[in-house]
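Visitor: Order-wise, the sequence lines are chains A and B. With the working numbering, letter number 75 in the first sequence gets 75, and the count goes up by one each step, no holes. With the working numbering, letter number 96 in the second sequence gets 1096, and the count goes up by one each step, no holes. Handing you this structure, nothing more for now.
Number of protein chains: 2
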Amino acid sequence: MSAPDPSAGLRRAVVPEDEARVRRLVHATGFFSPEEEDVAAELVREALERGAQASGYRFLFLEEEDRLLAYACFGPIPATRSSFDLYWIATQPAEQGRGHGRRLLAASEAEIRALGGTRVYVETSSRAQYEPTRAFYERCGYAQVARLEDFYAPGDGKVVYCRVV
Amino acid sequence: MSAPDPSAGLRRAVVPEDEARVRRLVHATGFFSPEEEDVAAELVREALERGAQASGYRFLFLEEEDRLLAYACFGPIPATRSSFDLYWIATQPAEQGRGHGRRLLAASEAEIRALGGTRVYVETSSRAQYEPTRAFYERCGYAQVARLEDFYAPGDGKVVYCRVV
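This is the structure we're talking about:
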């Protein structure tokens, strides 16, 4: 018996169909505003049009028989030596609880290390709805490094997590 | 005797010559890397090509007889209700100590309020070289709301200031 292939189902290359698929996935989670859905789709388009290097947006798609289960988007933070932002990580609601997020996060960190990155930053909301999101990052070794009250809106702060990779 | 005109020498509209002028000013300060100079110039270009609304970048230029003394660049932070980023504020070295920065900051805050903004964020470095920059924001009513160690590089953290306007 062999160990499971850590790259099984993972795809790096962005294809035109990803723009609509990412938009559908992000919408399905129910966690994001229409404006945020636009941003998620726009990052896919930028990566398609300008490439990973010029756009600064890199993707990992987790698929099973051509269905998108989860995806992550990350890239180097301009004007930093080796800090990366994890811009998006999202899993289809029906696929949650199966470890896809954790696997995708570990794969993203491995990719970031391979690109010379040493620190991964991720931002999320302080609202109660995002408690599972914050708990997920904490389980995955992320430390809260900042909390900006009322950043997104009154009562909706920004929480910043970081992991040295 | 009348009060000094608070808008004297201030210009909002971006003109093509501003790209080179902003680059020269930012370079002259000696505070920014070539990469950061590129970013400063790129924001001017974006505002010229797409307009203030679509680009998200608004400018205030402080001039005296057609010479650029100082400038500020700010805009709404996407996905926030009413938070703004002050992306750039810089004064010609020979013109420092004359209150241009403070005047430009106050004018930027007034503009941000007029656009519906309620919070202004500004980021700077934790390095000793930036002590005068941090002291400037503190004198102008900004509070330190976050400090991310080693964000820009080892030993070079990011300090975030905020003012409710």
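The beta-carbon is built from N, C-alpha and C at its ideal position, and this holds for glycine as well.
Have a look at the DSSP bridge pairing and note the partners of S1125/B.
Guide: Taking the first residue of the second sequence as position 1, residue 1125/B is located at position 125. The partner list for S1125/B (beta bridge, DSSP) reads K1158/B.
Visitor: Could you give the first and the last residue of the continuous beta strand (DSSP E) run that contains D38/A?
Guide: One-based indexing of the first sequence puts residue 38/A at position 38. Counting along the chain, D38/A falls outside any beta strand (DSSP E), though it belongs to the alpha helix (DSSP H) covering 34 to 55.
Visitor: Quick one: does A228/A have its CB under 7 Å from some CB of chain B?
Guide: With chain A running from 1 to 165 in the structure shown, residue 228/A is simply not present.
Visitor: List, in chain order, every chain A residue whose beta-carbon is nearer than 7 Å to that of S1083/B.
Guide: As a working note, residue 1083/B is residue 83 in the second sequence. Residues of chain A passing the Cβ test: F151.
Visitor: Can you find at least 3 beta carbon pairs, one from the region 1102 to 1122 of chain B and one from the region 1042 to 1057 of chain B, that sit closer than 8 Å?
Guide: These segments do not touch.
Visitor: Using DSSP's beta-bridge definition, name the partner residues of E64/A.
Guide: Residue mapping note: residue 64/A aligns to position 64 of the first sequence, counting from 1. Paired residue(s): R67/A.
Visitor: Within 10 angstroms of its Cβ, does T166/A collect 16 or more other Cβ (buried), or is it exposed?
Guide: Here chain A has residues from 1 to 165 only, and residue 166/A is not among them.
Visitor: Name the one or two DSSP bridge partners that L1148/B has.
Guide: For this step, residue 1148/B is matched to residue 148 along the second sequence. For L1148/B, which the question treats as bridged, DSSP gives the partners K1158/B.
Visitor: When burial is assigned at 16 or more other CB atoms within 10 Å of the CB, is P132/A buried or exposed?
Guide: Start at 1 with the first residue of the first sequence, and residue 132/A comes out as number 132. By the 10 Å Cβ count, P132/A comes out exposed.
Visitor: The beta strand (DSSP E) spanning L1086/B covers which residue range?
Guide: Stepping through the second sequence from its first residue, residue 1086/B is reached at position 86. Looking at the DSSP string, the run of the beta strand (DSSP E) that includes L1086/B is 1083 to 1091.
Visitor: Quick one, which residues of the region 20 to 52 of chain A are near chain B if we go by CB-CB under 8 Å, in chain order?
Guide: Hits within the stretch, in order: S33, E35, E36, V39.
Visitor: Determine whether the beta carbon atoms of V1120/B and L1086/B lie at a separation below 7 Å.
Guide: In the second sequence, residue 1120/B corresponds to position 120, counting from 1. In the second sequence, residue 1086/B corresponds to position 86, counting from 1. The answer is yes: Cβ separation under 7 Å.
Visitor: Report all residues from its chain with a CB closer than 7 Å to the CB of F1074/B; omit the five preceding and five following residues, and keep chain order.
Guide: Within the second sequence, residue 1074/B is the residue found at index 74, counting from 1. Here the set comprises R1058, F1084, D1085, L1086, Y1087, S1108, I1112.
Visitor: Please look up how many angstroms separate the CB atoms of A1070/B and E1095/B, rounded, as I've assumed it's under 8 Å.
Guide: Against the second sequence, residue 1070/B aligns to sequence position 70. Against the second sequence, residue 1095/B aligns to sequence position 95. Rounded, the Cβ-Cβ distance is 7 Å, consistent with contact.
Visitor: For S126/A, which residues of its own chain have a beta-carbon under 6 Å away from its beta-carbon, when the five flanking residues on both sides are left out?
Guide: Mapped onto the first sequence, residue 126/A falls at position 126. Closer than 6 Å at Cβ, skipping near neighbours: G157, V159.
Visitor: By DSSP, does R163/A sit in helix, in strand, or in coil?
Guide: For the purposes of this step, residue 163/A is taken as the residue at position 163 of the first sequence. R163/A falls in the strand class under three-state DSSP.
Visitor: Within the same chain, show all residues whose beta-carbon is closer than 7 Å to that of A1028/B, passing over the 5 residues directly before and after it, in chain order.
Guide: Walking along the second sequence from the start, residue 1028/B turns up at place 28. Closer than 7 Å at Cβ, skipping near neighbours: Q1092, P1093.
Visitor: Is A1079/B close to chain A, meaning its C-beta is less than 7 Å from at least one C-beta of that chain?
Guide: On the second sequence, residue 1079/B is found 79 positions in, with the first residue counted as 1. Taking Cβ atoms only, chain A reaches closer than 7 Å to A1079/B, which makes this a yes.
Visitor: How long is the line joining the alpha carbons of F31/A and D66/A, rounded to whole angstroms?
Guide: For the purposes of this step, residue 31/A is identified with residue 31 of the first sequence, where counting begins at 1. For the purposes of this step, residue 66/A is identified with residue 66 of the first sequence, where counting begins at 1. F31/A and D66/A: Cα-Cα distance of roughly 24 Å.
Visitor: Do E63/A and A41/A count as a contact pair if the criterion is CB distance below 7 Å?
Guide: Walking along the first sequence from the start, residue 41/A turns up at place 41. Walking along the first sequence from the start, residue 63/A turns up at place 63. Result no, Cβ atoms of A41/A and E63/A do not sit closer than 7 Å.
Visitor: Which whole-angstrom value is the C-beta distance of E1037/B and R1021/B, which I expect to be below 8 Å?
Guide: Residue mapping note: residue 1037/B aligns to position 37 of the second sequence, counting from 1. Residue mapping note: residue 1021/B aligns to position 21 of the second sequence, counting from 1. At roughly 12 Å, the Cβ-Cβ gap does not stay under 8 Å, so E1037/B and R1021/B are not in contact.
Visitor: Taking all protein chains shown into account, do 16 or more other C-beta atoms lie within 10 angstroms of the C-beta of G155/A, making it buried, or fewer, making it exposed?
Guide: As a first step, residue 155/A is located in the first sequence; it is residue number 155 there, counting from the start. Exposed, since its Cβ has fewer than 16 Cβ neighbours within 10 Å.
Visitor: Does any residue of chain C have a CB that is nearer than 7 Å to the CB of A146/A?
Guide: Absent from the structure: chain C. Protein chains present are A and B.
Visitor: So R163/A and Y142/A are in contact, right, with Cβ under 8 Å, and what is the actual spacing, rounded?
Guide: As a position in the first sequence, residue 163/A is number 163, starting the count at 1. As a position in the first sequence, residue 142/A is number 142, starting the count at 1. Yes, they are in contact, since the Cβ atoms of R163/A and Y142/A sit about 5 Å apart, within 8 Å.
Visitor: Can you pull the chain A residues whose beta carbon is under 8 Å from the beta carbon of R1119/B, in chain order?
Guide: Locating residue 1119/B in the second sequence gives position 119, counting from the first residue. Per Cβ cutoff of 8 Å: D150, F151.
Visitor: Please state if the CB of V1026/B and the CB of A1090/B are separated by a distance shorter than 7 Å.
Guide: Within the second sequence, residue 1090/B is the residue found at index 90, counting from 1. Within the second sequence, residue 1026/B is the residue found at index 26, counting from 1. Taking 7 Å as the Cβ cut-off, A1090/B and V1026/B qualify as a contacting pair.
Visitor: Could you check if A1146/B is buried or exposed, using at least 16 other CB atoms within 10 Å of its CB as the buried criterion?
Guide: On the second sequence, residue 1146/B is found 146 positions in, with the first residue counted as 1. Answer is buried; the Cβ neighbour count reaches 16.
Visitor: Using DSSP's beta-bridge definition, name the partner residues of R58/A.
Guide: Here residue 58/A refers to the residue found at position 58 when the first sequence is read from its first residue. Partner(s): F74/A.
Visitor: With DSSP run on the structure shown, which of helix, strand or coil describes R1102/B?
Guide: Working through the second sequence from its first residue, we reach residue 1102/B at position 102. R1102/B falls in the helix class under three-state DSSP.
Visitor: Does the beta-carbon of L1104/B, which I'm using as the reference point, lie nearer than 6 Å to any heavy atom of the ligand SAH?
Guide: The ligand SAH is absent from the structure shown, which contains no ligands of any kind.
Visitor: With burial defined as no fewer than 16 other Cβ atoms inside 10 Å of the residue's Cβ, what is the status of V1015/B: buried or exposed?
Guide: Against the second sequence, residue 1015/B aligns to sequence position 15. Exposed: under 16 other Cβ atoms inside 10 Å.
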